[in-house]
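Worksheet for the structure shown next.
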Amino acid sequence: MKICELLQLACRDLGRAGVESPAVDAELLLGFCLDRNRTALYLHAEESVPVESEQRFNTLLKRRLLREPVAYILGMQEFWSMDFHVGPEVLIPRPETELLLEAGLSFYRNQDTSPGLILDLCCGSGIIAVVLAKELGVPIIGVDLSWAALQVARKNAKSHGVSSLVTFIQADLLSAFCTMPLFSLVLSNPPYVSEEDMAQGLQQEVDQYEPHLPLD
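Take a look at the structure:
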């Protein structure tokens, strides 16, 4: 089957399943199977897809039709123009978190006093800590209650070459630290969904696949 035909059929099936962005998801999944970006798919739209790649694509498509997030299927999510490892142990990075990073970086760079340590509280997959280390080149501490999430965070720090700058600690919020001035900057994207909202049900991808610990 041709690339264009596979994309058309997948887009149709994903749309019927209620997926919000069927075309983009189909392109990401097929691009992953063919090791091509979305632009390349359309440049070679009339090419036939190898049987093995088509079978792999159909397997991944079935997972997406069950509403498993694309990021978990691919094991990666782009954030800050960088690719980060993700899995069911951590939330998928949201674009809005970039606003938090922009504000934090601006604050840190415009301080008048000597800078102290930087803390990423409730660090999850470690995206904030890793980006801070890449942007500022200074030591960062990341804290999370979930040991499984910290394993993903350490993997991301290693992938982006900042393992020597980022230290991850398992703790419940600030319980690991003494009550004295340690940090010049604390960034946090903590659990933000109320019990009432959780009880009413979340988006299917979130409710069935993403961890509830960093949400509730």
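Here the working numbering is used: position 204 in the sequence shown is 299, and no number is missing along the way. All C-beta atoms, glycine included, are put in the ideal place defined by N, C-alpha and C.
Item                                                                                                                                                                  : Value
Where do the ends of the beta strand (DSSP E) carrying Ile-236 lie?                                                                                                   : 235-239
I need the DSSP call for Phe-278, collapsed to helix, strand or coil.                                                                                                 : strand
Please give the ranges of any alpha helix (DSSP H) in the segment 111-179, keeping only runs that are unbroken, at least 4 residues long and fully inside the region. : 117-129, 133-138, 146-160 and 165-169
Could you compute how far the alpha carbon of Pro-306 sits from the alpha carbon of Gly-219?                                                                          : 11 angstroms
Along the chain, where does the alpha helix (DSSP H) that runs through Leu-231 open and close?                                                                        : 222-231
Below 6 angstroms CB to CB, which residues in the same chain sit around Cys-128 once its five sequence neighbours on both sides are set aside?                        : Ser-148, Arg-151 and Phe-152
Could you have a look at Gln-295 and say whether DSSP puts it in helix, strand or coil?                                                                               : helix
Can you tell me whether Leu-268 is helix, strand or coil according to DSSP?                                                                                           : coil
Below 8 angstroms on the Cβ atoms is my guess for Asp-267 versus Val-288; work out the distance and round it to an integer in Å.                                      : With a Cβ gap of about 18 angstroms, Asp-267 and Val-288 do not count as contacting.
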